[in-house]
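J.: To start, I am sharing the structure in question, which I have written as structure tokens.
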Amino acid sequence: MQGNIYHFELNENRDGLSLNGTLSDRIVDSPEELKPLVFVQGFNSSIIDMDIASDGYLYFTTYYRHDASIYRVVPKGAP
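Residues 1001 to 1079 (our numbering) are what the sequence shown spells out, left to right.
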């Protein structure tokens, strides 16, 4: 299992996704179509919760086979 978090832009009304190119049909025909949208990758478990904390960073929790983890996503070069 390869875990990824994807980043999509919202449409102007912020009630749907703004999808272009091969994703405009809302169907992923191959994993290659998603590569430009990967925001976080490389964890081997299922995401069970995500939240933006008061420090402004994204946190998410994962769970896989009785093993739970908490991750914090920070910009490259941040402490």
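C-beta: ideal position from N, C-alpha, C; glycine also.
For TYR1059, which residues from the same chain have a beta carbon less than 6 Å from its beta carbon, with the 5 sequence-adjacent residues on both sides left out?
T.: Within the sequence shown, numbered from 1, the residue matching residue 1059 stands at position 59. Closer than 6 Å at Cβ, skipping near neighbours: ASP1051, ALA1053, ARG1072.
J.: For PRO1036, which residues of its own chain have a beta-carbon under 8 Å away from its beta-carbon, when the five flanking residues on both sides are left out?
T.: The residue given as residue 1036 occupies position 36 in the sequence shown. The answer is none, since no qualifying residue turns up.
J.: Hey, ILE1005 and VAL1040: beta-carbon distance below 8 Å or not?
T.: As a position in the sequence shown, residue 1005 is number 5, starting the count at 1. As a position in the sequence shown, residue 1040 is number 40, starting the count at 1. A contact, by the Cβ cut-off of 8 Å.
J.: Sort out for me which residues DSSP pairs ASP1029 with in a bridge.
T.: Working through the sequence shown from its first residue, we reach residue 1029 at position 29. DSSP lists no partner for ASP1029.
J.: My understanding is that GLY1003 touches THR1062, with C-beta atoms under 8 Å, so please give their C-beta distance in whole angstroms.
T.: Here the question's residue 1003 lines up with position 3 in the sequence shown. Here the question's residue 1062 lines up with position 62 in the sequence shown. That belief holds up - the Cβ atoms of GLY1003 and THR1062 are roughly 7 Å apart, short of 8 Å.
J.: Once DSSP output is grouped into helix, strand and coil, what is the label at SER1018?
T.: What you label residue 1018 is simply residue 18 of the sequence shown in a count that begins at 1. Residue state, collapsed to three classes: coil.
J.: Let me make sure I understand the geometry here. Which of GLY1056, GLU1033, ASP1067 has the alpha-carbon closest to that of PRO1075?
T.: The count along the sequence shown starts at 1 and reaches residue 1075 at position 75. Checked all of GLY1056, GLU1033, ASP1067; the closest Cα to PRO1075 is GLY1056.
J.: What residue range does the beta strand (DSSP E) around TYR1057 cover?
T.: Translated into positions along the sequence shown, residue 1057 becomes position 57. Per DSSP, TYR1057 belongs to no beta strand (DSSP E) and is neither H nor E.
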